[in-house]
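The listed protein sequences correspond, in order, to chains A and B.
With the first letter of the first sequence counted as 1, position 187 gets the number 187 in UniProt numbering; the numbers rise by one all the way through.
With the first letter of the second sequence counted as 1, position 2 gets the number 2 in UniProt numbering; the numbers rise by one all the way through.
In what follows, a structure is listed as structure tokens, so that the remarks can point back to it.
Number of protein chains: 2
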Amino acid sequence: MSLDDTIPLPTEECAPDTRSRILAAADTYFREIGYQKTTVADIARTLKMSPANVYRFFDSKKAINEAVLERLIGESEAVISEIADRPGLDATARLAAAIETLHRDCTRRCEAFPRLHEMIEAAMAESWEVCRHHVARITAGFERIIRDGVARGAFEADDPAQAAACIHTAIARYTHPLLVGASPLQPAPSVEVMTAFLLRSLAPAGRRA
Amino acid sequence: MSLDDTIPLPTEECAPDTRSRILAAADTYFREIGYQKTTVADIARTLKMSPANVYRFFDSKKAINEAVLERLIGESEAVISEIADRPGLDATARLAAAIETLHRDCTRRCEAFPRLHEMIEAAMAESWEVCRHHVARITAGFERIIRDGVARGAFEADDPAQAAACIHTAIARYTHPLLVGASPLQPAPSVEVMTAFLLRSLAPAGRRA
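Take a look at the structure:
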């Protein structure tokens, strides 16, 4: 048995750990000085490694941003998926809970992370697939709830996928970091009033009162 | 008759003109290098005047931004007001036309003026009154249309002002420069699909089909 068999190559063993350390350092920089001013050289220097080594794990700052965002996004997606399948709540209550949760999480993040919008703007400009994928997953959670509500007679919607996309788009003021972060003082109805308004679009004819 | 009576003081005569020239120079700078990088000194230099002279007309860059934005905003407000009162169109058609017009104007502006979002972000952070006033005026146009629709039996809304605020907020993806400018490639239903979805919330019970 040679040494090579028992002791893994350092790069192999450390790959996941190095990747995590790069993401943690990037996350800190993005929070403290913002996405725009952070360079790959800054991240490398913090970790006492060469920029070339960082580029072995991520081929661009854009790729680092995508990985940092995917972690944040994954948390929201998991929560919405859990609410969509929550037993014991009717479809109306689940849809309201999903909207309220997205709003609360986005508000909390924007408060804790005032420069979040820079990462989001960069992703919207460069990382369309990450954004599309996220929008599609959250919308899919809404669609599951709407389909269930239609099946039980609580909702009426000819096209549940389209209704889900409309609702997800209509709540941007409450759940999109660009608007939530930039406009805490801007006028808007409460999220409860907006949710009630949108739910009226799904109410079966004759059950609107 | 003295000379003082026949020849107005230069500052008096030129005040409106100087104000307009400052706004035109600021508008050009904001478009070309963006709001953030433009300084009052840049604007003064272009006009071959001292920064102190610019400050005689506007006491801050924020005040210049507000004046530039108020001109842009005033155009949208006038168009929506005209649509709200347009004869010969029913309330549904007027509401759809108002949404479509805001969307088209915002898209056109964001394309012609890619740095518009910097001015909007600055206004949202510093010039709350300008933003609130604008939101209130556009929402008031929506409210006039909804009240008219309710009076004629085309719409049902317990609180037309609240319904108008919900609709105006729900179309942010289509009419807010921060989202329209940042996300031309981001997924969203067409503005026609969204409008139809929102109109369902206003449909009287029994007339949903």
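For glycine and all other residues, C-beta sits at the position ideal for the given N, C-alpha and C.
Item	Value
Given this structure, state the Cα-to-Cα distance separating residue 40 of chain A from residue 22 of chain A, to the nearest angstrom.	10 Å
From the beta carbon of residue 91 of chain A, is the nearest beta carbon of chain B less than 9 Å away?	no
Do residue 174 of chain B and residue 121 of chain B come within 9 Å of each other at the CB atom, strictly closer than that value?	no
In the stretch 123-162 of chain A, which residue ranges form an unbroken alpha helix (DSSP H) of at least 4 residues, counting only runs that do not cross its ends?	128-151
I believe residue 155 of chain B touches residue 91 of chain B by the beta-carbon criterion, under 8 Å. Please report the beta-carbon distance rounded to the nearest angstrom.	6 Å
Among the candidates A:27, A:201, A:94, A:77, whose CA atom is the shortest distance from the CA of residue 105 of chain A?	A:77
Give the interface partners of residue 193 of chain A over in chain B, defined as CB-CB distance under 7 Å, in chain order.	162, 166
Output, in chain order, the set of chain A residues within a Cβ distance shorter than 9 Å of residue 135 of chain B.	186, 187, 188
Considering just the uninterrupted stretch of the alpha helix (DSSP H) at residue 104 of chain A, what are its terminal residues?	91-112
Tell me whether the beta-carbon of residue 134 of chain A lies closer than 9 Å to the beta-carbon of residue 181 of chain A.	no
Between which two residues does the alpha helix (DSSP H) harbouring residue 42 of chain B extend?	40-46
Check whether chain C comes within 9 Å of residue 76 of chain B, counting only Cβ atoms and requiring the distance to be less than that.	Protein chains in the displayed structure are A and B, and chain C is not among them.
Whose C-beta lies closer than 6 Å to the C-beta of residue 103 of chain A among residues of the same chain, with five residues either side of it excluded?	174, 175, 191
Please check the pair residue 69 of chain A and residue 119 of chain A, which I expect to be a contact at CB under 8 Å, by giving their CB distance rounded to whole angstroms.	6 Å
Which runs of the alpha helix (DSSP H) fall wholly inside the UniProt domain "HTH tetR-type" (16-76) of chain B and span at least 4 residues, in chain order?	40-46, 51-57
Nearest-angstrom Cα distance between residue 65 of chain A and residue 112 of chain B?	28 Å
Output the distance between the C-alpha atoms of residue 123 of chain A and residue 131 of chain A, rounded to the nearest integer angstrom.	7 Å
Under the rule that 16 or more other beta-carbon atoms within 10 Å means buried, what is residue 38 of chain B, buried or exposed?	buried
I'd like to know whether the C-beta atoms of residue 198 of chain B and residue 165 of chain A end up nearer to each other than 9 Å.	no
Assuming residue 57 of chain A and residue 19 of chain A make a contact with CB atoms under 8 Å, what is their CB distance in whole Å?	5 Å
Going along the stretch 111-138 of chain A in order, which residues come within less than 9 Å of chain B, judged by CB to CB distance?	117, 120, 121, 124, 125, 128, 131, 132, 135, 136
Quick one: complete alpha helix (DSSP H) runs, 4+ long, within the stretch 166-190 of chain B?	172-175, 177-182
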